[in-house]
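J.:
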Amino acid sequence: MKILTPEQTRILDASTIAAENIRSFDLMKRAATAFVTCFTEYVKTPVRVLAIAGPGNNGGDALAVAQILSEMKGFAVKVLLCGEKGRLSADCAENLRLVETSANIELLDFKAFSEALPDTDVIIDGLFGSGLNRRLEEQYKLLIDKVNASNRPIYSIDIPSGLYADKLNDTDDTIIKATVTVTFDSPKLSFFMAENEAYTGVIRIMDIGLNEQVKLELSTPFFATEPSDIHRIKRTKFSHKGTYGHVLVVGGKKGMAGAVCMASKAALRSGCGLLTIASAEDNRWIAQCIVPEAMFLDVEGTISADIGKYNSLLIGPGMGTSQVAFQHLEQLLEAIGQTGKSCVLDADALNMLAFHQRLDLIPQQAVITPHPKEFERLFGKTNNSYEQLQLAFRKAVEHKCVIVLKGAHTRVIMPDGRCYFNMTGNAALAKGGSGDILGGMIASYLAQGYGCEQAALNGVYFHGLAADQLVKKMNMEAVLPTDIIEELKYI
């Protein structure tokens, strides 16, 4: 799913209007209908609704929503129009005329709005849309502050008012804190930035049938993953364990067997045919009891000379950062560079590359999976999510690798500069061991023959999907990384 700029969205809207021979007013009505469909999933009648309409097309959307709700049983609708009648957009003005003729909608001025707010059950925010690119006037700041302080559920149309669609707001900007944001056709880039979590609430994406051909032609580096982006290789009747690849998991210093065990179980659950653990000899019996399907090598042996027998490697979980560990890492990465083997670098592998300043060892087409702190150690500090994303773009292109930048909406940044924001997962994954599992999953997909980009997309998507399914069955705090592994059986 493409993530478009406000200008591209305007182009898409205009092309839809032209192709379908409809008016922009009709498309606005379509968006309003989609909003109401989503809104009524959350709101139970009878309910007192207060819609806030700005002077532009977002305000027109709010007025159209008010009309639809006013004709439905159980909705008492009031509207605050912000803006002079003579300065409204054409479609907003047309919707206002319809609202003014409705016997079921009460139009409010600012004084009446303040009086009505305590008796309101839910607020619809249609003050400003995604075209906003300036700081708000004082009167709108005061209005938004009052709405946010009301402690009422707020449903924003397309984007929370005051939030920029594709650039960073100033820290002192005044922005609606939506309970739910109902956006149309595709999400906004700003929805995926950590700084904006307090404003977007639950994000719902509603299809309003915009021109698919023009959408295909619009260019963007940003995408939100959807099921059509995820592929699985079909297992054939006459396949065998060798068909699905052999993963080598390297890590687990003495006392850190858990990381390699979880990574290995996740890899096997994700479909690889064979798996070998290269770890400290002290971990042999632990590993072979927990993962009896796995073979075991003492990591102190020379494994770099034998990597030809493996289809992919995962290097780093619980590996430690000693000088000996770095020597093993260096030898492995040099061998990978010579053979072109697929690999995933995680955890201590990344920490050692950062500490020894050997980013030149990152093999081309490798998948690296840093969490934000590991990313900072590797590539340097940034001031905000936008800067971090731009830095990740540059480094993925520079090193010709896939960067899986873990977090909410984990970002998968490709060597050609495309970025996919993952749409599965939740805070149940915020627990030590989750990253080891993800590394194992991606390594498994690599071994099965998925390219580095598809392996990363699949791993991140199914990792999050398992967590999404688990929180339907248990509370989020109780989910363990090992639960994620077991849930892979069902996705």
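The sequence shown begins at 1 in full-length UniProt numbering and counts up one residue at a time. Even for Gly, the Cβ is constructed at its ideal location relative to N, Cα and C. Since the structure is predicted, the reported quantities are computational estimates derived from the model, not experimental observations.
Enumerate, from N- to C-terminal direction, the unbroken beta strand (DSSP E) stretches of 3 or more residues contained entirely within the segment 382-464.
T.: Segments of the beta strand (DSSP E) lying fully in the segment 382-464: 402-405, 411-413 and 419-421.
J.: Any idea what DSSP makes of residue 517, helix, strand or coil?
T.: As displayed, the chain neither begins before 1 nor continues past 491, which places residue 517 out of reach and without an answer.
J.: Comparing alpha-carbon positions, which option in K73, A396 and H231 lies nearest L359?
T.: Closest by alpha carbon: A396.
J.: Go to Y42, then tell me how far its alpha helix (DSSP H) extends in each direction, as first and last residue.
T.: S24 to Y42 is the extent of the alpha helix (DSSP H) around Y42.
J.: Give a yes or no on whether the C-beta atoms belonging to A263 and I303 are separated by under 9 Å.
T.: No, they are not a contact pair.
J.: Which runs of the beta strand (DSSP E), 3 residues or longer, sit entirely within the segment 47-99?
T.: Taking only runs of at least 3 residues, the beta strand (DSSP E) segments lying wholly in the segment 47-99 are 47-53 and 75-81.
J.: Rounded to whole angstroms, what is the Cα-Cα separation between T40 and S156?
T.: Using only the alpha carbons, I get a separation of about 14 Å.
J.: For G201 and T181, which I take to be in contact (beta-carbon distance under 8 Å), what is that distance rounded to the nearest angstrom?
T.: Going by Cβ atoms, the distance from G201 to T181 rounds to 6 Å, so yes, they are a contact pair.
J.: Could you round the C-beta distance between R48 and D121 to whole angstroms and report it? I think they count as a contact, below 8 Å.
T.: The pair is a contact, with the Cβ atoms about 5 Å apart (cut-off 8 Å).
J.: Just tell me which of V324, A427 and G433 has its CA closest to the CA of P317.
T.: Selected option, being the one with the closest Cα: G433.
J.: What's the gap between the Cα of L88 and the Cα of Q388?
T.: Straight-line Cα distance between these residues: approximately 38 Å.
J.: Going by the DSSP bridge assignment, what does F296 pair with across the sheet?
T.: Answer by DSSP bridge pairing, in chain order: I277.
J.: Looking only at DSSP bridge pairs, what is L480 linked to?
T.: Its beta-bridge partners do not exist; DSSP assigns none.
J.: To which residues of the same chain is P187 closer than 7 Å at the C-beta, ignoring the five residues directly before and after it?
T.: Excluding positions up to five away in sequence, the list reads I3, I203, I205 and A224.
J.: Whose C-alpha, out of I11, S150, R135 and E334, is nearest the C-alpha of E115?
T.: Nearest option by C-alpha distance: S150.
J.: Roughly how many whole angstroms lie between the Cα atoms of K406 and P160?
T.: Taking the straight line from one Cα to the other gives about 25 Å.
J.: Could you give the distance in angstroms between the alpha-carbon of T16 and the alpha-carbon of S24?
T.: The alpha-carbon atoms of T16 and S24 are separated by roughly 9 Å.
J.: Go ahead and label D61 buried or exposed: buried means 16 or more other beta carbons lie within 10 angstroms of its beta carbon, across all protein chains shown.
T.: D61 should be labelled buried.
J.: Under the three-state reduction of DSSP, which class applies to F238: helix, strand or coil?
T.: Correct three-state label for F238: coil.
J.: Between the Cα of D173 and the Cα atoms of R135, K146, P118 and A90, which residue gives the shortest distance?
T.: Comparing Cα positions, the closest option is R135.
J.: Assuming L189 and A165 make a contact with CB atoms under 8 Å, what is their CB distance in whole Å?
T.: About 7 Å separates the two Cβ atoms, so the contact holds.
J.: Cα separation between L429 and A305?
T.: Spanning the two alpha carbons is a distance of roughly 36 Å.
J.: Going straight from the alpha carbon of P221 to that of L313, what length do you get?
T.: C-alpha separation (whole angstroms): 29 Å.
J.: Please report how far the alpha carbon of D282 lies from the alpha carbon of M295, in whole angstroms.
T.: Spanning the two alpha carbons is a distance of roughly 15 Å.
J.: Please list, in chain order, all residues of the same chain as G459 whose beta carbon is under 7 Å from its beta carbon, the five residues on each side excluded.
T.: So the list reads L438, M441, I442 and Y445, once near-sequence residues are dropped.
J.: Give me the residue from W285, L98, N21 and C82 with the minimum Cα distance to K141.
T.: Taking only the C-alpha atoms, the option nearest K141 is C82.
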